[in-house]
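At position 490 of the sequence shown the residue is numbered 490 (full-length UniProt numbering), and the sequence of numbers has no breaks.
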Amino acid sequence: MAAAMSVSAVVPPAAAVARARTLICVPATARAPRDMAAEVAAAAALGADLAELRLDRLAGFAPRRDLPALLAKPRTLPTLVTYRPKWEGGEYEGDDEPRFEALQLAMELGAEYVDIELKVADKFIKFMSGKKPENCKLIVSSHNYDNTPSAEELASLLAQIQATGADIVKIATTATEIVDVSRMFQILVHCQEKQVPIIGLVMNDRGFISRVLCPKFGGYLTFGSLEKGKESAAAQPTAADLINVYNIRQIGPDTKVFGIIGNPVGHSKSPILHNEAFRSVGLHAVYVPFLVDDLAKFLSTYSSPDFAGFSCTIPHKEAAVRCCDEVDPIARDIGAVNTIIRKPDGKLVGYNTDYVGAISAIEDGIRATQPTHSTTSPLAGRLFVVIGAGGAGKALAYGAKEKGARVVIANRTFARAQELGNLIGGPALTLAELENYHPEEGMILANTTAIGMHPNVNETPLSKQALKSYAVVFDAVYTPKETRLLREAAECGATVVSGLEMFIRQAMGQFEHFTGMPAPDSLMRDIVLRKT
């Protein structure tokens with residue numbers, strides 16, 4: 001199998017191979033058999049297709065006592081029985097034979113699937129001596145908790161697992177960077193073409209997309225936890241999110257992929273917002289979080305036209321300008337891109353919707369609380385202090401200057417503040433200097449850094465004492481909805497503008513670039529206010 005690096009080579013034609021849809025499996029991880037049975041029932045109520053009984057999680061597990069109860073018929077869901085040893089990431093610490101006996105008993109009691117590790121698969125099959133029931137599928141699995149091997153090594157591993165006589169191949173690896181997942185997608189497509197059932201997943205946050213996008217590439221099943229805190233592997237989504245947020249039942253070979261590129265990215269509400277908006281207009285697309293370290297490498301790896309558009313957040317907005325083939329003139333002037341569209345010819349086009357989203361939110365916030373002149377911007381002539389000199393800082397500084405404000409840049413690193421100050425023709429300060437900066441009353445403050453973002457909710461870029469100089473305070477951070485900066489500014493009597501407003505408005509601009517359709521304004525606003 002070729003070791004191509006780009007996913008452009010592995011996206012399957014829509015009608016290439018007829019196949020069953022990818023199943024959703026919920027791991028039952030309770031410590032007591034009764035609680036594990038309750039988890040299976042809860043998984044069925046969620047809409048899962050099968051449940052995994054993690055026998056190694058049970059305290060004081062006695063197979064002949066507990067398995068008949070766990071596998072009693074009628075069952076609410078088909079079951080996959082796993083008894084994972086410690087040497088393969090599980091909790092069982094005993095000898096192989098008692099474990100094999102328990103798995104064979106599970107088969108005899110009607111388990112639809114049994115998982116055995118590749119390292120002992122031949123030994124287990126010999127132990128069974130041909131007694132595997134026909135209606136039970138044997139999954140032979142390999143777990144790599146260090147990395148994701150090369151395409152050639154994965155192909156070799158696949159052949160080893162197939163040689164055991166496995167009904168279903170399972171390969172789980174670990175991502176050190178998001179481009180590792182592309183090699184798993186290659187293996188999935190290869191198996192789909194050969195009609196080999198395979199579970200192919202990549203663990204941890206950088207591998208998250210493997211769990212959501214596996215139906216696009218032909219994965220047999222994906223795992224979704226019953227709820228947060230009950231994951232059986234790192235960065236496992238909940239089954240409810242797979243079904244309700246990512247609409248996984250509708251993902252197939254021709255599904256377009258959009259997403260948010262950032263680091264960190266797990267806090268983002270964009271997947272909730274865009275997926276529901278896509279559904280509302282009938283767009284056959286999914287929107288996922290991409291935890292990206294190297295933007296250029298990511299874009300060149302996931303180069304298929306099916307990876308059709310991206311939101312771009314901290315810290316990649318400035319690098320995105322260099323990575324795009326074409327950049328909208330305003331985005332180029334700002335020096336930051338927050339929206340990337342892949343055209344049918346493969347060219348990447350960059351836009352910036354931050355500046356309109358943020359500036360219009362601040363203007364409307366002022367108009368709602370302070371007397372303003374109807375024909376001019378309420379920012380005109382005002383002293384406008386921007387904290388941060390990254391992509392969002394550049395957008396706010398550009399937008400405020402366009403509206404006639406006198407812009408000042410403050411940043412932790414003075415050289416960065418000075419660079420942006422020179423670009424927009426305004427003075428630069430350090431954050432320490434900003435503490436005592438009070439040239440006039442009625443100033444506007446806009447924080448564009450991640451200071452105060454979850455989980456660091458007790459942080460703030462400016463002291464409460466210094467906030468007394470400002471009439472208006474905006475914070476681009478929207479998780480939490482009310483940051484410490486906004487709370488203290490309100491206590492000082494300032495008009496406060498939430499980052500949620502900027503988020504909603506810039507997202508509407510992105511939606512229009514992604515789809516070519518008008519954004520469903522009231523729906524998107526309702527989603528954000530309801531889900532945050």
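Every residue gets a Cβ at the ideal spot worked out from N, C-alpha and C, and that includes glycine.
- By the beta-carbon neighbour count (other beta carbons within 10 angstroms, threshold 16), N458 is exposed.
- DSSP lists no bridge partner for D294.
- The Cβ-Cβ distance between G442 and V477 does not fall below 8 Å.
- For E91, the secondary structure class from DSSP, reduced to helix, strand or coil, is coil.
- The straight-line gap separating the alpha-carbon atoms of L379 and G404 is approximately 6 Å.
- In the structure shown, the three-state DSSP call for N244 is helix.
- Three or more Cβ pairs closer than 8 Å define a contact, and the stretch 216 to 231 falls short of that threshold against the stretch 271 to 278.
- For the pair I168 and H284, the Cα-to-Cα distance works out to about 29 Å.
- Three or more Cβ pairs closer than 8 Å define a contact, and the stretch 350 to 367 falls short of that threshold against the stretch 420 to 427.
- T173 and I243 have their C-alpha atoms roughly 24 Å apart.
- Within a 10 Å sphere around the beta-carbon of A507 sit 16 or more other beta-carbons, which makes this residue buried.
- Annotation note: the stretch 135 to 210 contains the following uninterrupted alpha helix (DSSP H) runs of length 4 or greater, listed N- to C-terminal: 151 to 163 and 180 to 194.
- Within the DSSP secondary-structure output, T430 pairs in a beta bridge with N411.
- For M443, the enclosing beta strand (DSSP E) begins and ends at M443 to N447.
- The stretch 317 to 328 makes no contact with the stretch 369 to 379, as fewer than three CB pairs between them are under 8 Å.
- Annotated as proximal: A489 and L467, with beta-carbon spacing under 8 Å.
- DSSP, reduced to helix, strand and coil, places R75 outside both helices and strands of the structure shown, so it counts as coil.
- Taking the Cα positions, V528 is about 26 Å away from S210.
- Inter-segment contact for the stretch 384 to 395 and the stretch 403 to 418 is present: three or more beta-carbon pairs are separated by less than 8 Å.
- In the DSSP assignment, A28 forms a beta bridge with L53.
- Counting only the Cα atoms, I314 lies some 26 Å from R183.
- When secondary structure is reduced to three states using DSSP, I359 falls in the helix class.
- Taking every protein chain shown into account, the CB of Y145 has fewer than 16 other CB atoms within 10 angstroms, so this residue is exposed.
- With contacts defined as CB atoms closer than 8 Å, K131 and Q104 qualify as a contacting pair.
- Contact check for L109 and L55: beta-carbon distance about 12 Å, past the 8 Å limit, so the pair fails to qualify.
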